[in-house]
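Asks:
There are 2 protein chains.
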Amino acid sequence: MKLNSVDISKTASASSIVFEALRKAIIEGDVKEGEPLRQDEIARMFNTSRIPVREAISRLEEQGLVKTQRYKGAVVSGLSATEAEEIFDFRALIEPEVIRRAVPLMSAETLESARSSWAAFSASSDPMSWGDLNRDFHSTLYLASGLQYHLDVIDNAMDRIDRYLRAQLVMSNGMERANEEHIAIWEACVAGNAKQAAELTRLHISGARESLIQNINSLR
Amino acid sequence: MKLNSVDISKTASASSIVFEALRKAIIEGDVKEGEPLRQDEIARMFNTSRIPVREAISRLEEQGLVKTQRYKGAVVSGLSATEAEEIFDFRALIEPEVIRRAVPLMSAETLESARSSWAAFSASSDPMSWGDLNRDFHSTLYLASGLQYHLDVIDNAMDRIDRYLRAQLVMSNGMERANEEHIAIWEACVAGNAKQAAELTRLHISGARESLIQNINSLR
DNA sequence: ATATTGTAAATTGGATCCAATATGAAATAG
DNA sequence: CTATTTCATATTGGATCCAATTTACAATAT
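Residue numbers (our numbering), protein chains in the order written: chain A, 55 to 274; chain B, 55 to 274.
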């Protein structure tokens, strides 16, 4: 006898679920910088014991999203302005190269998918969704490069500054500007102009960096 | 009353110890690609329970050094030739920029420390130590940049290809060549020539990349 | 009042136990 | 003899318990 093998997608392990949830909460700023992560509390929230929670926290620390001290626990790690700038610098270095190598490999589907990403971004009136849609757009284009390691590293960098990026988007004309720049990048990709796509990406990122500095300074 | 505060360096947690030991064993190739990590076995080796072992494995997975499957455990993740090349590409992109920014910030101490690093590398007849000494040299110079995030990312990239790098060093004239290139990079730093230090670093890395490809091809 | 000490509660780190799943070998059917 | 099934064993995932340490706060001394 043979059955249609119903793909029972195995439920993920508890530690993975906790990890993803905490990661999301941290990068979106739902738990603030410096806020401690209490193992008991989190375990209760997910109806598990502290064991999966501790594994999740180990991973978060390895990713740099939390810092732990022995017997004192984990706190969400913040970024100084300097550190945030450094990560923007890092992105401005690596992402242009990735998109440059991605452009010649972009399929029609990739371009169409990216188009709908920027369209969704452009059309969305919900600031909460801007962060995700922004990342979707860039990730879609980068994915065509097939450079998995680069993509992983970029993801980590994005995780670390996600909060600040979201803040940029809601501030002043951040969203409108990002939108225009997305379209320009996308058009360069459609035209197969790798160098231009790279340069526009670089400007896109360093522009965000500058506006971050401005905002920080305006708070003094 | 005032005492000299004796800095009782707290013993690290068991999970940290296990993590560091496993990391070292993996990057140095003491445990081979594809080899499973048995929690029980490792726990016995360190006279602990499986709990710290599991936290260590979680971190290793986050670092990309092992891959786990639910209920099947963790195996040391290998790198395909393509993946190894990608990481060399990545390094060739980021490390020149880091050293370029580091050069103007290098103190006499930094340069002296780097000099003794390459001297030790040059003088060492023990191939087992070459990997570490090579990393020491580069890290010392990069450290002057103060770019902590970049340094962390570079460290992870180095971890992933450490095995392959060591293989390069012992092969043919890998060690002699690396040694000459180190000296050239160091002299550019001493001369304060950031652009040249960057370019030499780029060549140093892409040279290693090419010789990796050669070795892989020669195995067919 | 302020600083110091002592103590109980809170919190984390780790050990042990149980449950869920995978693995492999023996038993069985064809 | 080969393929399938059954079942015991090995291994991982998670829960609960205990130990080590920190933290908060009351008691005490100056």
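Virtual Cβ for every residue (Gly too), placed ideally from N, Cα, C.
Bear in mind the structure is a predicted one, so any value in this text is a computation, not a measurement.
So with CB distances below 8 Å, who are the chain A contacts of B:Glu109?
Replies: Within 8 Å Cβ-Cβ: Arg108, Glu109 and Ser112.
Asks: Leaving out five residues before and five after B:Ala110 in sequence, what residues of the same chain have Cβ atoms less than 7 Å from its Cβ?
Replies: Around B:Ala110: Ser69, Val72, Phe73 and Leu76.
Asks: Give the range of the beta strand (DSSP E) segment to which A:Gly127 is assigned.
Replies: Start and end: Gly127 to Val130.
Asks: With a threshold of 7 Å on Cβ separation, who are the neighbours of B:Ile270 within its own chain once the five nearest residues in sequence on each side are excluded?
Replies: The answer, listed in chain order, is Ala135.
Asks: A:Val107 lies in the alpha helix (DSSP H); which residues open and close that run?
Replies: Arg104 to Gln117 is the span of the alpha helix (DSSP H), which, as asked, contains A:Val107.
Asks: Do you know how far the Cα of B:Leu147 is from the Cα of B:Ile267?
Replies: Cα to Cα, B:Ile267 sits roughly 18 Å from B:Leu147.
Asks: Taking Cβ-Cβ distances shorter than 7 Å, what residues in chain B pair up with A:Ile141?
Replies: Those are Tyr203, listed as they occur along chain B.
Asks: Under a Cβ-count criterion, where at least 16 other Cβ atoms within 10 Å of its own Cβ denotes burial, should A:Arg145 be classed as buried or exposed?
Replies: Under this definition A:Arg145 is a buried residue.
Asks: Would you give the residue range spanned by the beta strand (DSSP E) that B:Val120 belongs to?
Replies: B:Val120 -> beta strand (DSSP E) spans Val120 to Gln123.
Asks: Would you say B:Gln13 faces chain A, with C-beta separation under 8 Å as the test?
Replies: The structure shown has nothing for residue 13 of chain B, since chain B only spans 55 to 274.
Asks: State the beta-bridge partners of A:Pro158 as determined by DSSP.
Replies: A:Pro158 is not bridged to any residue.
Asks: Does the structure place the stretch 167-185 of chain B close enough to the stretch 233-247 of chain B that three or more beta carbon pairs sit under 8 Å?
Replies: Touching, per the Cβ criterion.
Asks: One question on the structure: do A:Phe175 and A:His258 come within less than 8 Å of each other, judged by their Cβ atoms?
Replies: Contact flag unset, no.
Asks: Flag B:Ser161 as yes if its beta-carbon sits less than 8 Å from any beta-carbon of chain A, otherwise no.
Replies: Not closer than 8 Å to any Cβ of chain A, the Cβ of B:Ser161 fails to qualify, so no.
Asks: Does the Cβ of B:Ala232 have 16 or more other Cβ atoms within 10 Å, making it buried, or fewer, making it exposed?
Replies: Result: buried.
Asks: Could you tell me whether the Cβ of B:Glu137 comes closer than 8 Å to any Cβ of chain A?
Replies: With 8 Å as the cut-off, B:Glu137 counts as an interface residue toward chain A.
Asks: Taking the straight line between their C-alpha atoms, what separation do you get for B:Val60 and B:Thr164?
Replies: Its pLDDT being 43, under 50, B:Val60 is placed unreliably in this model, and the coordinates cannot settle the point.
Asks: Comparing alpha-carbon positions, which option in B:Gln93, B:Gln250 and B:Asp216 lies nearest B:Gly127?
Replies: It is B:Gln93.
Asks: Please check the pair A:Ala198 and A:Ala156, which I expect to be a contact at CB under 8 Å, by giving their CB distance rounded to whole angstroms.
Replies: With 8 Å as the limit, A:Ala198 and A:Ala156 qualify as a contact, their Cβ atoms being about 4 Å apart.
Asks: Please name the residue or residues paired with B:Pro90 in a DSSP beta bridge.
Replies: Paired residues: B:Val129.
Asks: To the nearest angstrom, report how far apart B:Ser103 and B:Ala177 are at their CA atoms.
Replies: Cα-Cα distance, rounded: 42 Å.
Asks: Which residue from A:Ile215, A:Leu195, A:Glu230 and A:Ala221 puts its Cα closest to that of A:Ala252?
Replies: The residue with the shortest Cα to Cα distance from A:Ala252 is A:Leu195.
Asks: Anyone know if the C-beta pair for A:Arg189 and A:Met212 falls short of 8 Å?
Replies: Their beta carbons are under 8 Å apart, which means A:Arg189 touches A:Met212 by this criterion.
Asks: If you follow the alpha helix (DSSP H) that A:Asp85 is in, where does it begin and where does it stop?
Replies: This sequence places Val at residue 85 of chain A; Asp is not what is there. Neither: A:Val85 is in no alpha helix (DSSP H) and is coded neither H nor E.
Asks: For A:Thr255, which residues from the same chain have a beta carbon less than 7 Å from its beta carbon, with the 5 sequence-adjacent residues on both sides left out?
Replies: Closer than 7 Å at Cβ, skipping near neighbours: Glu149, Pro150, Ile153 and Ile239.
Asks: Report all residues from its chain with a CB closer than 8 Å to the CB of B:Arg98; omit the five preceding and five following residues, and keep chain order.
Replies: Hits under 8 Å: none found.
Asks: Please report the distance separating the alpha-carbon of A:Asp206 from that of B:Ser260.
Replies: Between A:Asp206 and B:Ser260, the C-alpha separation is close to 21 Å.
Asks: Hey, how far is the Cα of A:Gly118 from the Cα of A:Asn210?
Replies: In a straight line, the C-alpha of A:Gly118 is about 9 Å away from that of A:Asn210.
Asks: Give the range of the alpha helix (DSSP H) segment to which B:Gly228 is assigned.
Replies: It spans Gly228 to Val244 - the alpha helix (DSSP H) in which B:Gly228 sits, taken as one unbroken run.
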